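Chains as they are written, first to last, in this note's numbering: chain A, 1 to 689; chain B, 1001 to 1321. For each residue, glycine too, the CB sits at the ideal point set by N, CA and C. A quick note: this is a predicted structure, and the numbers were derived from the prediction, not measured. Structure first, commentary second.
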Amino acid sequence: MNTANGAVGTARPRIEGKAKVTGAARYAADVPMPDLLAGSVVLSTVSRGRIRGVDVSAVRDMPGVVGVIDHTNAPRLNPKAGGFFGPDGQLRLLQDAVVPFAGWPVALVVAETPEQARAAADALPVTYDEEPHDTAFTADHPAGRPALTIFDEPVDVGDVEAGLAASAVVVQERYRTPEEHCSAMEPHSATVWWEGERLEAIDSNQGPFTIAATLAALFSLSLDRVRVRTEQVGGGFGSKGLCGPQLILAAMAALRFRRPVRVTLTRAQVFLATAMRPATDQLIRIGADADGRLRAIWHEPAFEISPLAEYIEGCTELTKTLYAAPAIRTNLTAVPLDILPPGSMRGPGAVPGSFALESAMDELAERLDLDPLELRLRNEPPVGPVSGLPFSSRNLVACLREGARRFGWDTRDRRPRLRRDGALLIGTGLAATSFSVGAFPSSASMTAEPDGTFTVAIGATDLGTGARTALTAIAADALAVGIDLIRLKISDSALGPAWPAGGSRGTTSWAWAIAEAAAKLREQDRRGTVTVDTGQSLGDLPSLERHAYSAVFAEVGVDPATGEVRVRRLLGMFAVGRVVNPLTARSQVVGGMIGGLSMALHEEGVRDPVSGRHVNADFAGYHIASHADVPDIEADFVPDYEPGIPLGIKGAGEIGNVGTAAAIANAVWHATGVRQRSLPIRLDRVLEA
Amino acid sequence: MKEFAYRRATDLRDALIAGSTGARYLGGGTNLVDLMKSGVEAPDRLVDVRWLPLAGIRETPDGGLLIGATTTNSDLAAHPGVRRRYPALSQAVLAGASGQLRNMATVGGNLLQRTRCGYFADPSYACNKRLPGSGCPAIAGQHHNHAVLGWSPHCAATHPSDMAVALVAFDAIVRYETLDGGGEIPLEEFYPPVGDTPQRETALPPGALITAVVLPGSAVSPRSRYRKVRERASYAFATVSVAVGLDGDGGSARIALGGVASRPWRARTAESSLLAGPPTADGFRAAADAELSAARPLPGNGYKVTLARNLIVAVLEEVHA
């Protein structure tokens, strides 16, 4: 313990918890605003083509309509604007007549009230010249090409072919995952207005500073002329990491009509026009000796992409670090299609990648007639199997052993289809996972106030995970004062550069900046104001294999006559570094495990094969787990500490989602004797004649 | 959402006058209002019939039940007479929707709910139910949850009600009123064949208001069971469901299927087959196969035939046990 009073590590309810459960908490669309106009978005209903015409005259005289913005009159946007992956075509809304996918915004109707805007948007005639589209993803699609190599680049260590040839047992299988949608409970909403020469926005997003920077670039404004704030955010899961269509269109309307404009997406528009996880098709070959020691892993995922925007679904990150194998080869293929640009969804890459890797490991254990837990223990690597770098801290074995103990794994008979409960077949399965850890540069400032309190300002945002509560504890410990003396200011781009809530790097990045600021303030006897930027100190962090780990155990009941799969037990043990707030951290990993359960059994974006369009763009058609699908979940943490990162934090945002789908699929095999290599495990895939 | 006029009917005649001049009847609104929000339905006027004195369940002289049309789904499921004498009906209602929806939804409205076909629900797609003659994208498209029995090239949508499946097994009769007088239609004939008129969903005369559902005493079946298979444990429509009831002496069975056709599907072929032999597992399988020999699955929903067969056999075994 390197802190005086130990706020970090103490379970505390969310600071804003009471406001949320009483309805007092404000979200982006709740902010009162005088003279407000409402914008309603019109999305294309064809998968590819050109807009022939937008008949504005049909709606111009409808009640309350102020105007329509389309590609013929929209403000020009800077084509160089983009984000992490470079210039991003999906930001360039209403710039030309081209329709690149179904769900592409083609107009914004602006009116005095949201109802009037919606009515006119529904009535707006838009005609298209359709062109042939291709939305059918396959791994061997002729348009497939190597993915970008900014991260999860291809590797080839050792001799994979020789390793497989020399193996006593080889698993060679394909695993498939469908399009999945973030679709957070709070729909995307933005309110934009001009304050003198400055564009002000309240938006629902994962990082106001990076969003403000993108917005400034798009509209060719200097950064000091754009300010983006967030309120409470009702979930993001990746879909609020981008500068979203609601914000760009509201900014266009505010520019054009010189009044505040609010654009809130409908539920269907959230599905059709904000980020989704791409479908994947992954070929894996794993070879091992008869005693279960791996000789080679060859993992070749393909995923879909849009030509508008680069993206990497890093499915092979785990493959490069989880197990000791003398030969490892990976390469990612991106298949461009006429689809909504895929993006990061909670546990990007690792979630589909671990489904493939951990299913294949289970198949390997089956063919070796070896306990799947023992197979993992036998392949624990001393150093990064690809990088050769030491691990900063690796507590996967602790997660596996403690999880196995609590789950009662040691009495498990590994043969399939032996256990019944009435008509149900019962089975258990496990998966091991990792998720990379790190931090990105952020700035923070701290001021000692005359009343003895400390104002801590950082451009963080709280997606509902408890970031406010966690950062307050971190600041209190870093200053060695009580939490009641901390006044935290977040959610504002004007607070300076900060990494967004994403990549499991929000808390680590922000904690780093807060810790540095506190150290500096303590150097000056906790007086005055300090501002820090962690760019320098982050660069000094030694290069190591840095990961969070988990082991997930599942028990399922399967009715072979109906194909219904229900999860009866779910247990996750996590090594996520020092746990800042055990209460909210547990909530976060439990939520992730429910997401994993949902992925295993329910979630699937379904397209009409003729038009290429979605047919289940709502919560009636796109199933997520209901309460009745979720059993009691046990989730806990093993002792863990990340050296080099202030407070020993790793980050718990993504890893909760990773692994659960494979654990459930492996349990379904143990119950039925039949492998499920495509998600979701729908009943028609399980049903026996 | 299009603007509309709303008012509460003061009495039955008042409601019928409104209904005969184009107003739509509003019950709990749990389906109609959703469809109005999405633009699938766009009535000019709603007349709320939920406050008419049509709620309540009473016993009839033949030992059956008369269920008022505005009885809520919750009250129907909880009624002691329903639970004791028609348990499959109570089970079917409780297998549907959520507690909140069942508190609002009415028995009459439940019978008139529209299909949950994704193409029907999205006005940007063609649909012969919404726009007759525009085509049915489901047949060449996504039809994983569509019909395997009784569909036509014009529409392959299924009826979503759980309640109606149990009711049709119990020979329920729909009672209605019009300005010209009342009438009755057996539920089995209430939903016409799809044919080339999928937009015509019931046999009710124009402007008719359902006032009650009658369960004949002859159909009393304490040994009955409803089982619903769905893609998640709650809040999903049936992939396939089955209601099975045995007559008092267990000699004959009543069977109805949900999720397989444009209407709750009374499995009379299976019922006849069961009369031919003793109640054995082989006999159950033969009965299920006989019923499903008429199935014509689409390329993407053949699993429903296997599922329906397995389900009929499993539930027959359960009620005979």
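- Near chain A, meaning a CB-to-CB distance below 8 Å, the residues of the segment 1104-1128 of chain B are 1116, 1118, 1119, 1121, 1122, 1124 and 1125.
- At a cut-off of 3 residues, the continuous stretches assigned as beta strand (DSSP E) that sit fully inside the segment 326-390 of chain A are 327-330 and 333-336.
- Taking C-alpha positions only, residue 281 of chain A is separated from residue 353 of chain A by approximately 10 Å.
- The closest CA to that of residue 229 of chain A, considering only A:587, A:543 and A:460, is found on A:460.
- In the DSSP assignment, residue 406 of chain A falls within the unbroken alpha helix (DSSP H) covering 396-407.
- Residue environment for residue 1189 of chain B: exposed (fewer than 16 other C-beta atoms within 10 angstroms of its C-beta).
- Between residue 1156 of chain B and residue 1144 of chain B, the C-beta gap is not smaller than 8 Å, which leaves the two residues out of contact.
- Annotation for residue 1054 of chain B: 1068, 1069, 1070 and 1211 place their beta carbon closer than 6 Å to its own, counting only its chain and skipping 5 residues before and after.
- Residue-level contact by beta carbon fails for residue 1045 of chain B and chain A, as no gap is shorter than 8 Å.
- The alpha helix (DSSP H) runs of length 4 or more contained entirely in the segment 1174-1209 of chain B are, from start to end of the chain, 1187-1190.
- Taking CB atoms only, residue 1073 of chain B has no neighbour in chain A less than 8 Å away.
- For residue 239 of chain A, the CB contacts under 6 Å within the same chain, skipping 5 residues up- and downstream, are 182, 274 and 275 in chain order.
- If you draw a straight line from the Cα of residue 1087 of chain B to the Cα of residue 1005 of chain B, it comes to about 40 Å.
- Between residue 635 of chain A and residue 589 of chain A the beta-carbon gap is near 5 Å, inside 8 Å, which marks them as a contact.
- Going by beta carbons, residue 1234 of chain B and residue 627 of chain A fall inside the 8 Å limit.
- For residue 267 of chain A, there is no enclosing beta strand (DSSP E); the residue is part of the alpha helix (DSSP H) that begins and ends at 267-273.
- Scanning its chain for C-beta atoms nearer than 7 Å, with the 5 sequence neighbours on each side dropped, one finds around residue 1203 of chain B the residues 1185, 1189, 1190 and 1192, in chain order.
- One thing to note: residue 545 of chain A has its Cβ within 8 Å of the Cβ of residue 384 of chain A.
- In the displayed model, residue 45 of chain A falls within coil according to three-state DSSP, outside both helix and strand.
- Shown in chain order are the members of the segment 1291-1309 of chain B whose Cβ falls below 7 Å from a Cβ of chain A: 1303, 1306 and 1307.
- For residue 10 of chain A, the closest C-alpha among the options A:470, A:360 and A:632 is that of A:470.
- One thing to note: residue 1270 of chain B has its Cβ no nearer than 8 Å to the Cβ of residue 1294 of chain B.
- With the rule of 3 Cβ pairs closer than 8 Å, the segment 1251-1271 of chain B counts as touching the segment 1151-1169 of chain B.
- Taking 4 residues as the shortest admissible run, the segment 1058-1110 of chain B contains the following complete alpha helix (DSSP H) segments, listed from N- to C-terminal end: 1073-1078, 1080-1085, 1087-1094 and 1099-1104.
- Annotated three-state conformation of residue 416 of chain A is coil, per DSSP.
- When rounded, the separation of the alpha-carbon atoms in residue 641 of chain A and residue 364 of chain A is 32 Å.
- Inclusion of residue 315 of chain A and residue 574 of chain A in the CB contact set at 8 Å is not warranted, their separation being larger than that value.
- Assigned with DSSP and collapsed to three states, residue 95 of chain A falls in coil, not helix or strand.
- By the neighbour-count criterion, in which 16 or more other beta carbons inside 10 Å mark a residue as buried, residue 151 of chain A falls on the exposed side.
- The continuous beta strand (DSSP E) containing residue 1048 of chain B extends over residues 1045-1048.
- Neighbours of residue 1100 of chain B across chain A, judged by C-beta separation under 8 Å, do not exist; the nearest C-beta is about 13 Å away.
- A distance of 8 Å or more separates the beta carbons of residue 658 of chain A and residue 360 of chain A.
- Residues 169 and 292 of the same chain have their beta carbon placed closer than 6 Å to that of residue 368 of chain A, with the five preceding and five following residues left out of the count.
- The beta carbon of residue 1239 of chain B falls within 8 Å of a beta carbon belonging to chain A, placing the residue at that interface.
- Against chain B, the beta carbon of residue 562 of chain A has neighbours under 7 Å at 1229, 1307, 1310 and 1311, listed in chain order.
- For residue 280 of chain A, the enclosing beta strand (DSSP E) stretches over residues 280-288.
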